[in-house]
Amino acid sequence: MKHVSLQLTEDGSHTLFNAELNETYHSHKGALAESRYVFIHAGLEQVLQDFDHLAILEVGFGTGLNALITLGKALELAKARQQSGLAPLPVRYVTIEPYPLSAELIEGLNYKGMLPDWYAPLFDALHAAPWDQDVEIMPGFVLRKVKGKLEQLEWQGEPFNLVYYDAFAPSKQPDVWALDNFKKCYGLLEQGGLLVSYCANGQFKRDLKAAGFQVKAYPGALGKREMTRAWKLDPL
119 MKHVSLQLTE DGSHTLFNAE LNETYHSHKG ALAESRYVFI HAGLEQVLQD FDHLAILEVG
179 FGTGLNALIT LGKALELAKA RQQSGLAPLP VRYVTIEPYP LSAELIEGLN YKGMLPDWYA
239 PLFDALHAAP WDQDVEIMPG FVLRKVKGKL EQLEWQGEPF NLVYYDAFAP SKQPDVWALD
299 NFKKCYGLLE QGGLLVSYCA NGQFKRDLKA AGFQVKAYPG ALGKREMTRA WKLDPL
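If you read the sequence shown in our numbering, its first letter stands for residue 119, the second for the next number, and so on.
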């Protein structure tokens with residue numbers, strides 16, 4: 119991927135810059151901070167109020183940052199549950215990526231240096247996991263990396279309860295933000311499931327509603343006015 123290079127963001131964590139699209143993989147104000155806010159705070163923590171398991175579909179594996187911090191959160195929850203005599207929270211994590219990063223770019227990412235030491239083996243395990251196979255990264259956490267596009271996904275497993283929609287912006291990759299993809303996500307979610315995205319584009323929100331979602335604006339990360347949360351709920 120000669121057109122992709124490492125770039126530091128304002129919180130000290132790396133993102134990647136795609137010169138072909140003239141777009142970064144994360145906010146220049148902070149890759150790690152943005153991912154934590156959008157996908158953990160506004161997504162995962164919300165879903166855990168309603169479900170006793172996590173079944174996550176991620177559109178855009180990218181650097182693996184969302185998967186990494188989700189793994190970290192799952193490990194924290196597992197430790198807390200163990201103290202109460204409970205088994206780890208079951209987590210299934212399916213992530214889609216049509217253009218996997220080179221080993222050189224993965225090695226250059228500084229996430230292991232930005233996070234507590236116990237994240238390092240999780241980062242390595244995520245990126246070492248083969249594509250298109252189920253891999254138990256830690257007890258209760260099953261990862262499947264799918265090399266391809268959302269349009270090509272043929273999922274026969276249990277429904278998801280959380281979608282991380284983390285593709286490049288609609289202006290850069292309009293095909294990924296097509297109405298048919300949102301209808302697909304709606305069909306893959308169980309009742310009460312949630313889709314979260316950094317994007318607050320008006321057409322995106324209209325298309326989510328057309329797909330059946332109940333859309334609610336939510337304050338965005340790092341000074342951004344809005345992000346999007348969309349639920350699969352029974353009609354009011």
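Glycine included, C-beta positions come from ideal geometry on N, C-alpha and C.
Problem set entry | Contact belief for A285 with V156 at Cβ below 8 angstroms, rounded distance in angstroms | The Cβ separation is near 13 angstroms, so there is no contact.
Exercise. For V212, which residues from the same chain have a beta carbon less than 6 angstroms from its beta carbon, with the 5 sequence-adjacent residues on both sides left out?
Worked result: L175 and R262
Exercise. So, is Y229 buried or exposed, given that buried needs 16 or more other C-beta atoms within 10 angstroms?
Worked result: buried
Problem set entry | Range covered by the beta strand (DSSP E) that runs through E176 | L172 to V177
Problem set entry | C-alpha distance - K197 paired with E138, whole-angstrom precision | 43 angstroms
For this session: Report buried or exposed for L306, applying the criterion of at least 16 other Cβ atoms within 10 angstroms of its Cβ.
Result: buried
Exercise. In chain order, what residues of the same chain have a beta carbon less than 6 angstroms from the beta carbon of Y316, not counting five sequence neighbours either side?
Worked result: V156 and M345
Exercise. So, are the CB atoms of S145 and L183 less than 9 angstroms apart?
Worked result: no
For this session: Could you tell me how far apart the beta carbons of M232 and L126 are, in whole angstroms, since I believe they sit closer than 8 angstroms?
Result: Rounded, the Cβ-Cβ distance is 11 angstroms, inconsistent with contact.
For this session: Return the chain-ordered list of same chain residues with a C-beta closer than 6 angstroms to the C-beta of L189, the five sequence neighbours on each side being excluded.
Result: L240
Exercise. In the DSSP assignment, what residue or residues form a beta bridge with E94?
Worked result: Residue coverage of the chain in this structure runs from 119 to 354, which leaves residue 94 outside it and unanswerable.
For this session: Would you give the residue range spanned by the beta strand (DSSP E) that Q332 belongs to?
Result: Q332 to P337
Problem set entry | Outcome for R210 when other beta-carbon atoms lying within 10 angstroms are tallied against a minimum of 16 | buried
Problem set entry | Presumed contact (8 angstroms Cβ cut-off) between L280 and G311, rounded CB distance | 6 angstroms
For this session: State the CB to CB distance for the pair A173 and F278, rounded to an integer number of angstroms; the pair is presumed to be in contact (CB under 8 angstroms).
Result: 4 angstroms
For this session: Give every residue of the same chain whose Cβ lies closer than 8 angstroms to the Cβ of A247, excluding the five residues on either side of it in the sequence, and list them in chain order.
Result: V253, I255, L261 and K263
Problem set entry | Cβ-based burial, A348 [other Cβ within 10 Å; buried from 16] | buried
Problem set entry | A328 beta carbon less than 9 angstroms from that of L297 | yes
Problem set entry | Continuous alpha helix (DSSP H) assignments of at least 4 residues falling wholly in the segment 147-196 | 149-153
Problem set entry | Straight-line gap, P337 to W273 (C-alpha atoms, nearest Å) | 32 angstroms
Exercise. Excluding sequence positions up to five away, which residues of its chain have a Cβ less than 8 angstroms from the Cβ of R199?
Worked result: A205, P206 and L207
Exercise. When you compare each of E163, Q321 and S131 to L195 by their alpha carbons, which one comes out closest?
Worked result: E163
For this session: Could you pull out every residue in the same chain whose Cβ sits closer than 7 angstroms to the Cβ of K290, ignoring the five residues on either side in sequence?
Result: L139 and E141
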